[in-house]
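Residue numbers (the numbering used here), protein chains in the order written: chain U, 11 to 295; chain S, 423 to 502; chain F, -7 to 305; chain G, 243 to 688. We put the CB at the ideal spot given by N, CA and C, even for glycine. Contents: one structure, followed by commentary.
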């Protein structure tokens, strides 16, 4: 694909990229801009681009509404869920990719669990966690309502199908010959997994982790039904900005900006892996 | 018929049965005066189609296996 | 790692570690943790939901009641609003997924040829994904506002007509589609881009030597090689689109009237506003059935590819 | 054994006394589910004073108003006991009472009749009473009147032009016909003159809440109640002809509302008002007065007024505090209800700008002063509303299906407002929806 391209084509290309980025970034930009606007500059027509920036919205979100509390909850829940999803998902995906467990039927079953509308199972979940939370095991694992464990379990459940399907293709991309020779060198199967296969699949695992974390971070419905206050996440926390006097647009924007920041940092850190990692296994040479 | 093939055929038979039930309830039941008869007939058709599909798949599997066995036997015979 | 016979392999000499466990048991062991969670938390609620479909279930009037046979199915199938919501869902999914795929692949090609600021572009592109629909949806409502919104302000300045994005029942659904495109096209684009970059060099070099036209290379090499990736993305996006809830809930709440009421939003209204869990579960089961049938057809090639590759030894 | 029992008894006595500054070591835990961002600071101080006086620990759970109902129902159905004190909308009271989600407080109020009587009888009938029992106390009222730009109604040039066009004096509307005329009269394009000044943006006669929120029915309640009809008749059915008439009335206002009317609720209308886009509202929640009055700062020459809606009928309602049946500490919860709904706290609440529910507070002369106009200027109108509507009650709030009907009815109404279906179709669809929800005619309690 190393064809010579003219300058005109290049200019067109970057122009197009700029337009595309503009479309995708503008709403976020507007959100960040709004977070620095004083109240009287937000709901005005025509929209205002120039104003005296203020940090009062951040003060409101962080101090008055204690938004960091929700960030902390979300961080705990998302990170643990992601870790479990990646750990369980990789093991299972490896098994599917190498040993063909269930001959595709289990793989199909796993994806089909994603097809049930969440709203129909939310009340059964609510009742399950209510009862589990009263048992000794539930108490020790914080599985009750309004506890972190309940959300973690739900998120693991909801993200496993996606993670496993993605990872199966990554694992299939790793040549078997490497594993065979490692086995011949006397490594056990677990050692092969740990020292050969997983390191090679690291980019794929990173991509899976990024998407899983993003999905957990942004989940709303389960967080809203299964928590009340102690374990509420950012998406639920934002609701406390919808008041009877109207939506507090400035503080909402500030809170949203704050909650996007960790994701952005995480994505930037993972960038290096993602470049390599977004190489889907299903593409074969 | 291997377990895997059986699973596949069984699952699809179930889908066929449920599909008949849904189709019946949506399109056909309104033509029956008595829901009891309707449900009875619906189950009969559903089970017949579901079971029919399963048996059909089983027969195909058997035929294939028999064909494969013949082929293997032929190969073995050639070797000798 | 779960504590299991397999992990004794770490401590014991390699040769001994291998002895106890057959490949079969090892593979089953690997899927056990994931399967335990999936089985418990998928089957249990599913069985409960299935049970409710055969019973009277007005939650706000107390508990789940008597068995009523197929009555709930009859009621749901006779409900015009249910089919209307289904139709909205189909329209939404076809258009949204279609456009996301086309735009996403287009953007992937655009970025693939670029050499400048690649990392930054990619990070910026992921921004819409990294925000929750519950929050950004709110901001889109603000952008769409006919008086205070930036969209109409820009259109007005350009002398273009200023639509009532979310208030006009003829276009409200497409406004929600536009939001979904904004949020999810990057997902398609990033994965397609990665697929492009992972393509093997050799066939393309050979094609160039043969003097094949660009179009020919595209249709005979690039797309066939990309097909599995794109197919997986298509399946994932389709599943998410038909389950669309957040965006509708924040942007339009199904309105104006029921113009943007998707299946899942109707389900939400039935289950969590009217608390008719019997009807809601029935709809969900029907929904699941349709999805399963579609998946049996759609996933068979992908599954066959997976299992074939897993079987090569 | 005896000794320890006796000392425990003594402790209980001391702590229940409260008057003694007894060290509070083991506070009674109660949780109050309420509306997010609802006078948060005020609530914190009220809760604090209650905790100190009663040796209690009150957890306040803030929930978005649009989600409050289903969240509370789920916890009630699950009998989790997570919420001891719940916050109910007017339409939800009957459902919660009928299904045993909340406890009657009739016995509790038996010796506190004065407090109960301090709530205007109109408001009491709508929010507190159901089937002869008392179910709690309202602590905030969003009863409706109307907001108008008084400066426009008083402007001599406009008055003259209006009279020339319609043949009667421009003044606050007393019928919905006049309301429509005024809305039409003030709807102008950018560049047109208003009060002798050119407009820098389009101006609309009326701000409407026709968005996908359960508020369009509150606006239309004023119309249908004004006609002497109701959403549900005595047989528990929707009077289709009357709803069609009210819908027609509403549709005749739509051309004079900003296009955003189809996407907004009350906060959007307030934003339009504050941005100098609209001349008045239709039936509108008077508790928004502190918000509406900001128009005077933003729009030069603007003067706001809170008046009664045409025909002196409008939505009356408030947030009811009630005690959950699954509460583990119902006595403490009841005390808390009486505390927040009681005169002391209501007075403080009013001073912070809240729309109080007690007549003694609403008629307190200290809120009638010019200094208090920006925060409590609507109180006099609120009293008038309660007076005008004395003896009024709606069947919508007397059926245990009220909440579900209320949460559904905006759908056909909004469909009609957006032009997708006709007024007749909307009325018929509403009747069909209501019949489906109730499973036949809706039961109406007396």
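Rounded to the nearest angstrom, the gap between the Cα atoms of residue 352 of chain G and residue 599 of chain G is 20 Å. Rounded to the nearest angstrom, the gap between the Cα atoms of residue 20 of chain F and residue 103 of chain U is 11 Å.
For the C-beta of residue 482 of chain S, not a single chain F residue is nearer than 8 Å; the gap to the nearest is close to 16 Å.
DSSP places residue 328 of chain G in the uninterrupted beta strand (DSSP E) bounded by 327 to 330.
Annotation: Cβ neighbours of residue 441 of chain S in chain F (cutoff 9 Å, chain order): 281 and 285. At a cut-off of 7 Å between beta carbons, residue 502 of chain G contacts chain F. Around the Cβ of residue 459 of chain G, a 10 Å sphere holds 16 or more other Cβ atoms; the residue is buried. At a beta-carbon threshold of 9 Å, the residues of chain F lying near residue 461 of chain S are 61 and 62, ordered along the chain. At a cut-off of 7 Å between C-beta atoms, residue 73 of chain U does not count as an interface residue with respect to chain S. Annotated as proximal: residue 389 of chain G and residue 526 of chain G, with beta-carbon spacing under 7 Å. Residue-level contact by beta carbon fails for residue 450 of chain S and chain F, as no gap is shorter than 7 Å. Residues are counted here when their Cβ sits less than 7 Å from a Cβ of chain F; for the stretch 96 to 115 of chain U these are 98, 99, 101, 102, 104, 105, 106, 107, 108, 109, 110, 111, 113 and 114, given in chain order.
Scanning its chain for C-beta atoms nearer than 8 Å, with the 5 sequence neighbours on each side dropped, one finds around residue 96 of chain U the residues 173, 215, 218, 219 and 222, in chain order. Under a 10 Å Cβ-count criterion, residue 144 of chain U is classified as exposed, with fewer than 16 other Cβ atoms of the shown protein chains found around its own Cβ. Annotation: residue 73 of chain F has no Cβ neighbours in chain U at a cutoff of 9 Å; minimum Cβ distance is about 16 Å. Contact between the stretch 35 to 53 of chain U and the stretch 255 to 269 of chain U is established, with three or more Cβ pairs separated by less than 8 Å. Approximately 6 Å separates the beta-carbon atoms of residue 413 of chain G and residue 395 of chain G; this is inside 8 Å, confirming the contact. The three-state secondary structure of residue 414 of chain G, taken from DSSP, is coil. With a minimum length of 4 residues, the unbroken runs of alpha helix (DSSP H) contained wholly in the stretch 507 to 549 of chain G fall at 508 to 516, 531 to 534 and 537 to 540.
Residue contact check for residue 537 of chain G against chain U: no CB pair falls below 7 Å. For residue 426 of chain S, the nearest CB of chain U lies under 7 Å from its own CB, placing it at the interface with that chain. Close to chain G, meaning a Cβ-Cβ distance shorter than 8 Å, are the following residues of the stretch 230 to 255 of chain U: 234, 235, 238, 239, 249, 250, 251, 252, 253, 254 and 255. For residue 46 of chain F, no alpha helix (DSSP H) run applies, since DSSP gives it neither H nor E. Note that the stretch 160 to 174 of chain U does not touch the stretch 195 to 204 of chain U; fewer than 3 beta-carbon pairs, one per stretch, sit closer than 8 Å. Below 8 Å, too few C-beta pairs join the stretch 541 to 550 of chain G and the stretch 166 to 180 of chain F to call them touching: fewer than three. In this structure, DSSP gives residue 688 of chain G a state outside helix and strand, which the three-state scheme calls coil. In the three-state reduction of the DSSP assignment, residue 345 of chain G falls in the coil class, being assigned neither a helical nor a strand state. Per DSSP, the continuous beta strand (DSSP E) segment holding residue 561 of chain G begins and ends at 560 to 565. Secondary structure in the stretch 386 to 463 of chain G: the beta strand (DSSP E) runs of 3 residues or longer, each lying completely within the stretch, are 386 to 391 in chain order. By the 16-neighbour rule on beta-carbons within 10 angstroms, residue 274 of chain F is buried. Within the stretch 117 to 139 of chain U, the residues whose Cβ lies closer than 9 Å to any Cβ of chain F are, in chain order, 117, 118, 119, 120, 121, 122, 123, 124, 125, 126, 127, 128, 129, 130, 131, 132, 133, 134, 135, 137 and 138.
Taking a contact as a CB-CB distance under 8 Å, the pair residue 84 of chain F and residue 230 of chain F does not count as one, their CB atoms being some 11 Å apart. For residue 304 of chain G, the enclosing beta strand (DSSP E) has its first and last residue at 298 to 305. For the C-beta of residue 45 of chain U, not a single chain G residue is nearer than 7 Å; the gap to the nearest is close to 17 Å. For residue 533 of chain G, no CB of chain F lies under 7 Å from its own CB, so it is not counted at the interface with that chain.
For residue 100 of chain U, the uninterrupted alpha helix (DSSP H) run begins and ends at 77 to 109, by DSSP.
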